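>
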Amino acid sequence: MDAFFGDIYSVAIFILQFFKEAFSGPFEFKEIVNQCYKVGSKSLALVSLTGLVTGIVFTTQSRPSLSVFGASSWLPSLVAIAVIRALAPLVTALIVAGKVGSNIGAELGSMKVTEQIDAMEVSGTNPFKFLVTTRIIATTFMMPVLILYTGFVGMMGSFLNVYQNESTSFPAFFKSAFSSIVFLDIYASLFKALCFGFTIGVAGCYQGYNAQNGTQGVGRAANLAVVISMYLIFIEEITIVQLINTIR
Amino acid sequence: MNKEDSKIDINNVVIAITGLKKSFGTLDVLNGISVDIFKGENLAVLGRSGSGKSVLIKIIVGLLKPDSGVVKVLGQEVDKLDKKALQALRLKIGFSFQSSALYDSMTVRKNLEFPLTRNRRNLTKKEIDDAVEAVLDDVGLPQTIDQMPSELSGGQRKRIGIARTLILKPEIMLYDEPTSGLDPITCIEINNLIVEVQERYNTSSIIITHDLTCAKETSNRVAVMLDGKFFITGSFDEVFRSSNTDIKAFHAYNFINANEIIRE
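Keeping their order, the protein sequence lines are chains L and R.
Just so we're aligned: 96 in the numbering used here is position 96 of the first sequence, and the numbers increase by one with no gaps anywhere.
Just so we're aligned: 1198 in the numbering used here is position 198 of the second sequence, and the numbers increase by one with no gaps anywhere.
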């Protein structure tokens, strides 16, 4: 129990240090852009494929149930609600946790156990600011972009399916889809995206930056970065959905 | 002192260590180290693996905090410095890591540029390129400039690690096991490089090693660490005239046959 609370305390200190470094100069703009590019480029292919498949499969699976009630025309609305409110944020976050979170944990862990972080520190560079702050900012601000992209690709997948089966035109599909979406849904998804991105960045960086025991420690850091991120993402998802439903 | 001592300024202490203690849990690693290192001097610190030699230089550069005692580098008490002052002091200290610690996602060029671009932000691209090429020439590896660290041999990695510290023109060099894991010929090359660095850059150095040839060839003075203390300091020959069994075994293992001495 002491170890658990000790870890919570260490993570809290880690997060406080992040905010301190993030809001004090000199700012690492170039490295932030570099990390944003890495987060985006590493996730793009998998996010695109998953988004497209999610849209197609969800549409295919929902059609028979709606047809029973003669409500096939509601299909675009149903898919839009599911994809934009829940599937896009959750699926994207889990993919980014797996691809980017593990990469951050392994990369920083490897740098830690091979003394590269110490080398950075003794050569006059603040490694926390350069390595940790930039990565957490990148995951936090790239996640909304990726979630919007996944939502778009998911809706395109759904449209392809609907077009093939019901010959619904593109404008008609999107008019129907967005008739049931309000700005609160978009804001809620973006808020979730920021929380998920921050969580993935903190979990990956914390595990990597504090890795120990050589290569075994690197593997452990990468693994824990993903596992902890996923647990926290599910908890945040449930909490935010409850919060939004209260507001709604 | 056994190497050419004419450049050593005994009135100018660059590192002053007094009563330094450091423990990890119940293990007392440093147990009252006191030593002065003078301007232009190379001090070799010998000791068994795990005796706390690397801990000593990590405290000097502020990577670890001492439990007690005073470490002054260039007149500044390291433990009392704020973050900014410590960062400024570190620019005057070169630290060559045992593992070389090259940034493995960067080419040799980027590794060498990194400390410069981070700390000398007013330099032009040409000045940076010139500095990188000059320091690579100094360590004899100009051909590696666009290679990745994974493409280098152990000796090359060590030399690039030293080059990365030299690019900021440090006043003090700290070498952590510079010849460990290298073949004898590469060891000689690294030893020669350490001496060249001392002469060309007029540095003062601490060389952490358990390689007696390295200690003999590169240092003006040798300190032997036993039980967390400097058991003996002096010139290489003075130290190894000692009748202490540990020191005799150390000497024997490197130069003759340890087992004979240990059996005695």
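Quick reminder that beta carbons are idealized off the backbone N, C-alpha and C, glycines included.
Since the structure is predicted, the reported quantities are computational estimates derived from the model, not experimental observations.
Excluding the 5 residues preceding and the 5 following K1007 (chain R) in the sequence, name in chain order all residues of the same chain whose CB lies nearer than 6 Å to its CB.
One-based indexing of the second sequence puts residue 1007 (chain R) at position 7. G1040.
> To test your reading of the DSSP string, which unbroken beta strand (DSSP E) runs of 3 or more residues are found completely within the segment 1020-1096 of chain R?
1027-1039, 1042-1047, 1068-1073 and 1093-1096
> Please decide whether E166 (chain L) counts as near chain B, where near means a Cβ-Cβ distance under 8 Å.
Note that chain B does not occur in the displayed structure, where the protein chains are L and R.
> Would you please verify whether the beta carbon of T133 (chain L) is less than 8 Å from any beta carbon of chain R?
Within the first sequence, residue 133 (chain L) is the residue found at index 133, counting from 1. Closer than 8 Å: no.
> Of all the options L:G6, L:F4 and L:F29, which has the alpha carbon lying nearest to the alpha carbon of I137 (chain L)?
On the first sequence, position 137 is the one that residue 137 (chain L) refers to. When each option's Cα is compared against that of I137 (chain L), the closest is L:F29.
> Looking at S180 (chain L) and the ligand COA, is the gap between the Cβ and the nearest heavy atom below 7 Å?
With respect to small molecules bound, the structure shown includes none, and the ligand COA cannot be examined in it.
> Check the Cβ of V33 (chain L) against every Cβ in chain R and list those closer than 7 Å, keeping chain order.
Taking the first sequence and counting its residues from 1, the one referred to as residue 33 (chain L) is at position 33. Residues of chain R passing the Cβ test: none, with the nearest at roughly 16 Å.
> DSSP three-state label for D185 (chain L), please.
For the purposes of this step, residue 185 (chain L) is identified with residue 185 of the first sequence, where counting begins at 1. Judged by DSSP in its simplified three-state form, D185 (chain L) adopts helix.
> Starting from the C-beta of L1089 (chain R), find all residues in its chain whose C-beta is less than 8 Å away, skip the five residues before and the five after it, and write them out in chain order.
Counting from one through the second sequence, the residue named residue 1089 (chain R) turns up at place 89. Contacts found: G1062, V1073, L1074, Q1076, V1078 and L1081.
> So if I threshold CB-CB distances at 9 Å, which residues from the segment 175-207 of chain L count as touching chain R?
none
> Using CA coordinates, which residue listed in L:V153, L:S43, L:V145 and L:V202 is at the minimum distance from A252 (chain L)?
The structure shown does not extend to residue 252 (chain L), since chain L is modelled only from 1 to 248, so the question has no answer here.
> Alpha carbon to alpha carbon, what distance is there between A1249 (chain R) and S1243 (chain R)?
Against the second sequence, residue 1243 (chain R) aligns to sequence position 243. Against the second sequence, residue 1249 (chain R) aligns to sequence position 249. Their backbone Cα atoms lie some 10 Å apart in a straight line.
> Which residues bound the beta strand (DSSP E) around G1140 (chain R)?
Along the second sequence, read from residue 1 onward, the residue named residue 1140 (chain R) stands at position 140. Here G1140 (chain R) belongs to no beta strand (DSSP E), and DSSP marks it neither H nor E.
> Take A225 (chain L) and list the residues in its own chain whose beta-carbon comes closer than 6 Å to its own, dropping the five residues that flank it on each side.
Translated into the one-based positions of the first sequence, residue 225 (chain L) becomes position 225. Counting only Cβ-Cβ distances below 6 Å, and skipping sequence neighbours, we find G101, S102, G105, A203, G204 and Q207.
> Taking C-alpha atoms, which residue in L:G51, L:M230, L:G219 and L:E236 lies nearest to M111 (chain L)?
On the first sequence, residue 111 (chain L) is found 111 positions in, with the first residue counted as 1. For the residues L:G51, L:M230, L:G219 and L:E236, the minimum Cα distance to M111 (chain L) belongs to L:G219.
> Just the C-alpha distance for I15 (chain L) and F1231 (chain R), rounded to the nearest angstrom, thanks.
Along the first sequence, one-based indexing puts residue 15 (chain L) at 15. Along the second sequence, one-based indexing puts residue 1231 (chain R) at 231. I15 (chain L) and F1231 (chain R): Cα-Cα distance of roughly 45 Å.
> Name the chain L residues whose beta carbon is nearer than 7 Å to that of Y1103 (chain R)?
Indexing the second sequence from 1 puts residue 1103 (chain R) at position 103. For a Cβ distance threshold of 7 Å, residue set Q116 of chain L lies close to Y1103 (chain R), ordered along the chain.
> Please list the partners that P1115 (chain R) has in chain L, where partner means a Cβ-to-Cβ separation under 8 Å.
Within the second sequence, residue 1115 (chain R) is the residue found at index 115, counting from 1. By Cβ distance, chain L contributes S123, G124 and T125.
> Look at the alpha carbon of I8 (chain L) and the alpha carbon of I238 (chain L), and state the distance between them as a whole number of angstroms.
Taking the first sequence and counting its residues from 1, the one referred to as residue 8 (chain L) is at position 8. Taking the first sequence and counting its residues from 1, the one referred to as residue 238 (chain L) is at position 238. Approximately 21 Å, taken between the alpha carbons.
> Quick one: what's got a C-beta closer than 8 Å to V153 (chain L)'s C-beta in the same chain, skipping five residues either side?
Stepping through the first sequence from its first residue, residue 153 (chain L) is reached at position 153. Excluding residues within five positions, the ones whose Cβ falls inside 8 Å are V47, S48, G51, L52 and G55.
> Counting only Cβ pairs nearer than 8 Å, list the residues of chain L close to Q1087 (chain R).
As a first step, residue 1087 (chain R) is located in the second sequence; it is residue number 87 there, counting from the start. Within chain L, the residues near Q1087 (chain R) are G124 and N126.
> Using a beta-carbon distance cut-off of less than 9 Å, what residues from the segment 1069-1098 of chain R approach chain L?
K1083, Q1087, A1088, R1090, L1091, I1093, G1094, F1095, F1097 and Q1098
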